[in-house]
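Before any comments, here is the structure.
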Amino acid sequence: MARDFHYTLPAGTALAQRRLYNVHLDLTLLVALIAIAAFGLLVLDTVSEQAGIVTGQMIRVGLALAAMVVLAQLEPRTYLRWAPIVYLVGLSLLVLVLVLGVTAKGSTRWLDLPGLPRFQPSEMMKLAVPLAVAWYIHERSVPPRGRHLLVAVGLCIVPAALIAPQPDLGTSLLVAGGGLAVIVLAGIRWWLVAAAGGAMVAAAPVLWLFLNDYQRNRILTFLNPEQDPLGHGWNIAQSKIAIGSGGLFGKGLGEGTQSQLDFLPESSTDFIIAVVGEELGLVGAMLLLALYLVVIARALFMATSSPTTFGRLVAGALTLVFFAYVFVNIAMVSGLLPVVGVPLPLVSYGGTSAITLLAGFGIVMSIHSHRGW
Amino acid sequence: MPRNPKTPQPIDPEQLRQAFAKRAFVLFVVVAGLFSVLGARLVWLMIVQYEEYRTQSEDNHRQTVPMVPVRGLIYDRNGHLLADNQPILSIAIVTELVGDLDQTLLDLDALVGLSADERSAFKDRVRRKRRPLEEVPLKTGVTPGQRAIVEINRHRLHGVVISPESVRHYPFDELLAHAVGSVRRISEEDLIDLDARRYRSTRFMGKRGVEAFYEQSLHGEPGFRQVEVDVYGVERGEFSRQRPSPGHDLVLHLDVDLQIAATRALGSRRGAVVAIEPKTGGILALVSNPSYDPNLFVSGLTPPQYQALLDSRDRPLLNRATDGRYAPGSTFKPIVGLAGLALDLTDWERTYADYGEFRLPNQRRVYRSWNWQPGQPGGQGIVNLRQAVFRSSNGYFYNLGSQMEVDALPEFAAQFGYGRVLSLDVADADAGVLPDSDWKRGERGEPWYPGDTVNMAIGQGDLLATPLQVATVASIIANRGLLVPPRMLKSSDGVLAETLAPNTQPGRVEGLAETDWEQMVDAMEDVIHLGNQGYLRNGIAWAHIGRDIGYRLAGKSGTAQVVEIPQGEEYDEELLDEYSRKHAWFMAFAPADDPVIALSAFVENGGGGSSVAGPIVREVVDAYLLGKRPETEDPTPPALASDAPLTPAAAGT
Numbered sequence: 013m014a015r016d017f018h019y020t021l022p023a024g025t026a027l028a029q030r031r032l033y034n035v036h037l038d039l040t041l042l043v044a045l046i047a048i049a050a051f052g053l054l055v056l057d058t059v060s061e062q063a064g065i066v067t068g069q070m071i072r073v074g075l076a077l078a079a080m081v082v083l084a085q086l087e088p089r090t091y092l093r094w095a096p097i098v099y100l101v102g103l104s105l106l107v108l109v110l111v112l113g114v115t116a117k118g119s120t121r122w123l124d125l126p127g128l129p130r131f132q133p134s135e136m137m138k139l140a141v142p143l144a145v146a147w148y149i150h151e152r153s154v155p156p157r158g159r160h161l162l163v164a165v166g167l168c169i170v171p172a173a174l175i176a177p178q179p180d181l182g183t184s185l186l187v188a189g190g191g192l193a194v195i196v197l198a199g200i201r202w203w204l205v206a207a208a209g210g211a212m213v214a215a216a217p218v219l220w221l222f223l224n225d226y227q228r229n230r231i232l233t234f235l236n237p238e239q240d241p242l243g244h245g246w247n248i249a250q251s252k253i254a255i256g257s258g259g260l261f262g263k264g265l266g267e268g269t270q271s272q273l274d275f276l277p278e279s280s281t282d283f284i285i286a287v288v289g290e291e292l293g294l295v296g297a298m299l300l301l302a303l304y305l306v307v308i309a310r311a312l313f314m315a316t317s318s319p320t321t322f323g324r325l326v327a328g329a330l331t332l333v334f335f336a337y338v339f340v341n342i343a344m345v346s347g348l349l350p351v352v353g354v355p356l357p358l359v360s361y362g363g364t365s366a367i368t369l370l371a372g373f374g375i376v377m378s379i380h381s382h383r384g385w
Numbered sequence: 019m020p021r022n023p024k025t026p027q028p029i030d031p032e033q034l035r036q037a038f039a040k041r042a043f044v045l046f047v048v049v050a051g052l053f054s055v056l057g058a059r060l061v062w063l064m065i066v067q068y069e070e071y072r073t074q075s076e077d078n079h080r081q082t083v084p085m086v087p088v089r090g091l092i093y094d095r096n097g098h099l100l101a102d103n104q105p106i107l108s109i110a111i112v113t114e115l116v117g118d119l120d121q122t123l124l125d126l127d128a129l130v131g132l133s134a135d136e137r138s139a140f141k142d143r144v145r146r147k148r149r150p151l152e153e154v155p156l157k158t159g160v161t162p163g164q165r166a167i168v169e170i171n172r173h174r175l176h177g178v179v180i181s182p183e184s185v186r187h188y189p190f191d192e193l194l195a196h197a198v199g200s201v202r203r204i205s206e207e208d209l210i211d212l213d214a215r216r217y218r219s220t221r222f223m224g225k226r227g228v229e230a231f232y233e234q235s236l237h238g239e240p241g242f243r244q245v246e247v248d249v250y251g252v253e254r255g256e257f258s259r260q261r262p263s264p265g266h267d268l269v270l271h272l273d274v275d276l277q278i279a280a281t282r283a284l285g286s287r288r289g290a291v292v293a294i295e296p297k298t299g300g301i302l303a304l305v306s307n308p309s310y311d312p313n314l315f316v317s318g319l320t321p322p323q324y325q326a327l328l329d330s331r332d333r334p335l336l337n338r339a340t341d342g343r344y345a346p347g348s349t350f351k352p353i354v355g356l357a358g359l360a361l362d363l364t365d366w367e368r369t370y371a372d373y374g375e376f377r378l379p380n381q382r383r384v385y386r387s388w389n390w391q392p393g394q395p396g397g398q399g400i401v402n403l404r405q406a407v408f409r410s411s412n413g414y415f416y417n418l419g420s421q422m423e424v425d426a427l428p429e430f431a432a433q434f435g436y437g438r439v440l441s442l443d444v445a446d447a448d449a450g451v452l453p454d455s456d457w458k459r460g461e462r463g464e465p466w467y468p469g470d471t472v473n474m475a476i477g478q479g480d481l482l483a484t485p486l487q488v489a490t491v492a493s494i495i496a497n498r499g500l501l502v503p504p505r506m507l508k509s510s511d512g513v514l515a516e517t518l519a520p521n522t523q524p525g526r527v528e529g530l531a532e533t534d535w536e537q538m539v540d541a542m543e544d545v546i547h548l549g550n551q552g553y554l555r556n557g558i559a560w561a562h563i564g565r566d567i568g569y570r571l572a573g574k575s576g577t578a579q580v581v582e583i584p585q586g587e588e589y590d591e592e593l594l595d596e597y598s599r600k601h602a603w604f605m606a607f608a609p610a611d612d613p614v615i616a617l618s619a620f621v622e623n624g625g626g627g628s629s630v631a632g633p634i635v636r637e638v639v640d641a642y643l644l645g646k647r648p649e650t651e652d653p654t655p656p657a658l659a660s661d662a663p664l665t666p667a668a669a670g671t
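Listed in order, the protein sequences are those of chains F and S. Numbering follows our numbering, in which position 4 of the first sequence is assigned residue number 16; successive positions increment by one, without gaps. Numbering follows our numbering, in which position 25 of the second sequence is assigned residue number 43; successive positions increment by one, without gaps.
See the structure below:
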C-alpha cells in the first residue's frame, strides 16, 4: 500500500515524521495541535487573574496529550471490539446520572462514584457514540439501509435524549452529531441527509416546547440581541465589542480593555476567542482558524487513507465533531449562532473537552498508523 | 473475544475507500466553506465595523469623574469668616444598587444608629426625583469609628457610600442668615437652569442672600478626571486629571460687630435694621428678626422642621430687611418736603397753621393729626417746613401734598429708590410699592383721587417700602442727594466691587439747591437734638434719644398705621390685636455733617417710631461711632475661637 503522505517535506522533518509514525503518531497533526494548545495557554495567561490557572491548564493539556499518545498505541481492532461495550456502559452511566447525578450550576451532569474522581459520562459518549455507530454499520451493509439505518440513528438519539434533560443541549447535539456524522460518511444518499435536515427544521417548534427557560432566552436573545442589551444580550454584545475593537492587529496581549476589565464574560472559557480577537486582532484570530483548518484537513486525509470502513468512519466522524466544536464556538461568540455552552477546543480553560478531543485524535492516529489488520 | 473482526466485505474495499474519499472531500469543502463564513464574519466585525466597536469599547471603560471645586469663602469687612467649608463624612445610598432598601436601613441602624428624623428625611428624599444613580444622603457627621464599622460590613451593604464632602458652615449661626443667606441641596427643579457640566457633582447651591446672588463666583470650576473603570464601575487607573479651581472668596461690607449690635438692639422684637455706609453704599448691617440657623439647611431639615419654619406666625424665613413691605409712615415726610421745594410749592419760610384736622375743598373726609384724640383735634400749631419735619406735622404735609399735581410726588420719590430696586447685589430685594395713577388704574381700576396724594404725603395709603429702601433714603439724604446704590460686596480676591461691577445707576436727586439739603439735614438733626423748647417745640425724638447724645445724629421717625381706622373712631393701641398695631420706624445718619453711617430701624407692630425704633438706631450708631460693643467683645463664634488656624481673620479683631 502506498504511503499517503507524499507531500514535500524538508529532509529533517521527513525523518521526524517517519520516527513518529513508528510510534503511531502523526507529525502534522501533533505539531498543529500543540501549536493550538500553546496559543491557548498564551491567551489564557493574559486573562487569568489567579495564579496557577495557566500551570493547571498546562498539566491538563499534558495529560490530554498523554492520553492521545496512549490511545494511539492501541490497535483499531481493540476499539472495534470494545465499542459496543463502552457504549452500553456509557448509556447505563447516563441513566445513573438521571437517578443520582451531582448537580452544579443548575445542571445535573456529573457522577460521584466511590473510588473514582467526579466525572461526566456524557463526555465519554462523544467518543463512544461514533465508535458504536461505526461498529454497527461496519458489521452490516455500507451504506446502511432500512432497518439498519434506523438502528444506527437510534444509537445516536438514545444517548442524546438522555443527555438533553440534564440539561446540556450542547453536549447532546455533539453526541448525536458524532453518530450522525458516521452515518453520513458511510454513504447514505444526500437526499436523505437533506430530508433529515429539513425534518429537523420542521421539528424545531416541537423542540421549543422541551427547552428550558434559559435555553429559550438564549435563542430569543440571538434572534433579537438589542431587545435587552443589559440582560441576556449582554454577553454577546460585549464579545462583539471585544472582537470588533481588536481591528487588524489587536490591542496587544494583556492590553484588551474588554478582556482585562471584565466587560467580556467567560473570557477564559467559552468566550476566549473574543480575547484573541481583541488582543491579537484579525491576524491572530485568522492564524488560529488556519491551525484548526490544518488539523481538520490532515485528520480527514488520515481518515481517507484508512484501509477499513470502521477506521474511516470513526476517524472521519471524530474529525467532524472537532470541527463542530470550533465552528459552533466561534459562530456563537461572534454572534452568528445562539449561545450554547461549547468551548473552543484546546484554547478554552478546562480539561474535560481537551481530554476528550485529544483522545479522539489518539484514535485517529491509531487508525492511521496501524495498517496491518 | 466478543466478536470476530473479520466481517464479510460486501463490495470491493478499494471502491469503498474511493467512495469515502469522495464523500470526505465534499464534507471538507463544506468545512472550508463554513470556515470562510467565520473568516468573513471576523472581517466584518474587525475591519468593516471596527470604528464603531472601537468607540463602544472606549465608552465602556473610560469615565469622566468630576471633582467638586471648593466653594469660595465669605468674609466681613474686618476679615471675620462668615461662611467657610468643613469636611464631614456622610453616609449616602445609591438606591439603584440596593436590593432590599428596608433591610439595608435596618442594618445601618444596628451598626451606626439612625435617628427617626434621619430616616424620615431619607425616605422623603428617596421619593423625590433626582439624577440617576445619584447618592441619596442618609446621615451626615459620621465619625471615623462609625465609618470603620460600616466598612467592615461592606459585603452586606451594597450601594451604601461613605464619602467625605466639604459642606458649608456658617460660624455665626442665626446672626447672618438673612444677610449672607445659605446654600441648600440642589433639587430637581434647580437642575433645569444649572449648567449641567459645571454642576455635575455639586450638591449644594446658594439659595438666599449673598450665597445666591454670587453663586456663579462662589462655585468655582469643577475639575475632571479621566479614569479607567472595570465592568463593576471600580476604578482601575487614571488617564488624565484637570484640577478644579476653587470659587472666588468674597469680602462683604458687612461689619459683624455692628450686625451683633443691631441684633441685640432689636432683641426679641420682630423687625429689621439696615445700615449703609453712605459714601460707598456698602451695607454694614442687615438684620431681620426673627432669624433661623442657616446650618440647618445644609444638614437638611426634616419636613416637620421646615413646615414649622414656614407656618410660624413670626415668619422667620421672611427677610424683613429686603422683602418686607411696610408703609413708611412719617419717614416719608422729608421726601415730600424736598419734593415741595423742588416743585416750587413751598420754601423754608412759608408756614402752615396745623390745628389737627385737614380737609380737601368740598370734601367731608377729615385727615387727622398723629396726636388727635376724641374731642381734641391736636396739631402742631403754626409750622414752617423745618418745624414740620422735627415736629412731624401731618397738617403741613397734607397741605403740601394737596397742592401737587397727580403723579408728581411718586415721580420725585422714585429718585430715592421708592418702587425700585436700587441695591446692586441683594438677592431677591423687593421694590415695594410706589403707587401712581397708572398703578392705581391697573391695580384697583380706579382713578387717582387728590386724597391719595394727601395720604401718601404722610407715608400712608398704598405706599410700601422695605427697610433696605428706607435706609437707602437715609443714605441719599446723608449724601445730600447723591445716590450711591447699596451693595453687599466690598471686594473679591482683592479686587474692589466697584471695579468688578461698575455702578450704572443715575447719581443725583434733581431740582434741589445745596442749601435745601443742608436745611433738611438741619431739620432732621432737630428731630433728635432740639430739646428744652417747651410744649410742641421739642424735636419729636429728643426726649427718647436726644438728651444725652454725644454726636450729631440726623433722623426721622415714623409710626405707620397697619389697619384702617374708621373715621371718628378712637384708636386704642391696647384693644388692637398685637399684629394690627402700628409699625415703628426710624431712619437716621451720623455724624450729620459728614455721615459714615445711614440706617433704618423697623419694628413690626412695635408702636411709636421715636420711642421704639429711635432707641434701636441710637444703640446701633453708638456702637458704630463710639465703639460701644455688646458684652461679648470677640465676635468670633465660640466653636472656632479655640481653633486659631481655621480663622486667620480672627487676628483682625
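We put the beta carbon where it would ideally sit given N, CA and C, even for glycine. These numbers come from a predicted model, not from an experiment.
- About 17 Å separates the beta carbon of serine 629(S) from that of histidine 547(S), a gap too long to meet the 8 Å contact definition.
- Taking 8 Å as the cut-off, the beta carbon of valine 154(S) is found no closer than this to the beta carbon of valine 168(S).
- The Cβ neighbour count for glutamine 487(S), taken over all protein chains shown within 10 Å, is at least 16; the residue is labelled buried.
- Taking a cut-off of 8 Å for Cβ pairs, the region 271 to 278 of chain S and the region 292 to 310 of chain S touch, as three or more such pairs fall below it.
- Between the region 45 to 59 of chain F and the region 271 to 287 of chain F there are three or more C-beta pairs closer than 8 Å, enough to call the two in contact.
- Note on geometry: alpha-carbon atoms of glutamine 33(S) and leucine 273(F) lie some 58 Å from one another.
- Rounded to whole angstroms, the Cβ separation of leucine 106(F) and isoleucine 175(F) is 7 Å, and the two are in contact under 8 Å.
- The C-alpha of methionine 212(F) lies about 29 Å from the C-alpha of threonine 364(F).
- DSSP places glycine 399(S) in the strand class (E or B) of the three-state scheme.
- Taken atom to atom, the span from the alpha-carbon of leucine 348(F) to that of leucine 103(F) is near 33 Å.
- Around the beta carbon of asparagine 550(S), fewer than 16 other beta carbons sit within 10 angstroms, so the residue counts as exposed.
- Chain F places no beta carbon closer than 8 Å to that of aspartate 127(S), leaving this residue out of the contacts.
- Of the candidates Gly576(S), Ser618(S) and Lys600(S), Gly576(S) places its Cα closest to the Cα of asparagine 412(S).
- Per DSSP, reduced to three states, the secondary structure at alanine 559(S) is coil, with no helix or strand assignment.
- Under the 8 Å criterion on CB atoms, glycine 372(F) is classed as non-interfacial with respect to chain S.
- Contact of phenylalanine 46(S) with chain F is assigned, a C-beta pair being separated by under 8 Å.
- When CB distances to chain F are screened at a threshold of 8 Å, the residues of the region 61 to 74 of chain S falling below it are Val61, Leu63, Met64, Ile65, Gln67, Tyr68, Glu70, Tyr71, Arg72 and Gln74, in chain order.
- Residues are counted here when their Cβ sits less than 9 Å from a Cβ of chain S; for the region 266 to 279 of chain F these are Gly268, Thr269, Gln270, Gln272, Leu273, Asp274, Phe275, Leu276 and Pro277, given in chain order.
- Between alanine 286(F) and valine 345(F) the beta-carbon gap is near 5 Å, inside 8 Å, which marks them as a contact.
- For lysine 263(F), the three-state secondary structure derived from DSSP is coil.
- Inter-residue distance for aspartate 480(S) and alanine 357(S) is about 19 Å (C-alpha atoms, whole angstroms).
- With a minimum length of 3 residues, the unbroken runs of beta strand (DSSP E) contained wholly in the region 475 to 524 of chain S fall at 507 to 510.
- By the criterion of a C-beta distance shorter than 6 Å, alanine 44(F) is surrounded in its chain by Leu303, Val306 and Val307, once the five residues flanking it on both sides are discounted.
- For the pair aspartate 267(S) and glycine 552(S), the CB atoms are not nearer than the 8 Å cut-off.
- Put simply, the CB of aspartate 30(S) is far from chain F, with every gap to its CB atoms at 8 Å or more.
- When 8 Å is used as the limit between beta carbons, methionine 298(F) is near these residues of chain S: Gly57 and Leu60, in chain order.
- The distance from the Cβ of arginine 570(S) to that of glutamate 543(S) is about 6 Å, consistent with a contact at the 8 Å cut-off.
- Taking a C-beta distance under 8 Å as the contact criterion, leucine 482(S) and glycine 450(S) qualify as a contact pair.
- One alpha carbon belongs to glycine 199(S), the other to glutamate 229(S), and they sit about 6 Å apart.
- Interface criterion not met: the Cβ of phenylalanine 257(S) is under 8 Å from no Cβ in chain F.
- In the structure shown, leucine 305(F) adopts helical secondary structure according to DSSP, grouped into three states.
- Going by DSSP, glycine 52(F) is part of the alpha helix (DSSP H) stretching over 39 to 59.
- If you compare the alpha carbons of Val245(S), Gly529(S), Trp62(S) and Asn497(S) with that of proline 84(S), the shortest gap goes to Val245(S).
- By the Cβ neighbour-count rule, leucine 175(S) is buried, with 16 or more other Cβ atoms within 10 Å of its own.
- Looking at the DSSP output, lysine 157(S) bridges to Ile109(S).
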